[in-house]
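Residue numbers (the numbering used here): 162 to 255.
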């Protein structure tokens with residue numbers, strides 16, 4: 162790898178770090194990924210947040226949850242309460 166590409170990659174990584182540091186929504190999205198999801202009634206673990214789904218404005222509209230079996234489930238963000246230890250799933254029919 163030439164010195165040009167090493168310098169270019171270095172500046173791109175610094176630029177990306179600054180962009181993540183300035184934009185608070187990117188930090189929140191990064192913090193939510195990998196958080197455990199618990200069911201409200203029983204407290205059992207539903208899965209782990211794999212991806213945060215946003216609309217064109219940038220608001221969080223849903224989550225992609227991966228179960229322990231590997232299945233991926235999509236839920237709207239209205240069905241969750243956010244806590245330090247993870248997301249709590251409260252179904253909309255309650």
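From the three backbone atoms N, C-alpha and C, an ideal C-beta is built for every residue, glycine too.
Note that this is a predicted model, so its numbers are computed, not measured.
- Secondary structure note for residue 231: it is in no beta strand (DSSP E), with a DSSP letter that is neither H nor E.
- With respect to the 8 Å criterion, residue 198 and residue 207 are classified as neighbours on the basis of their beta carbons.
- Taken through DSSP and simplified to helix, strand or coil, residue 249 comes out as strand.
- One alpha carbon belongs to residue 216, the other to residue 223, and they sit about 9 Å apart.
- Between the alpha carbons of residue 175 and residue 169 lies a distance of about 10 Å.
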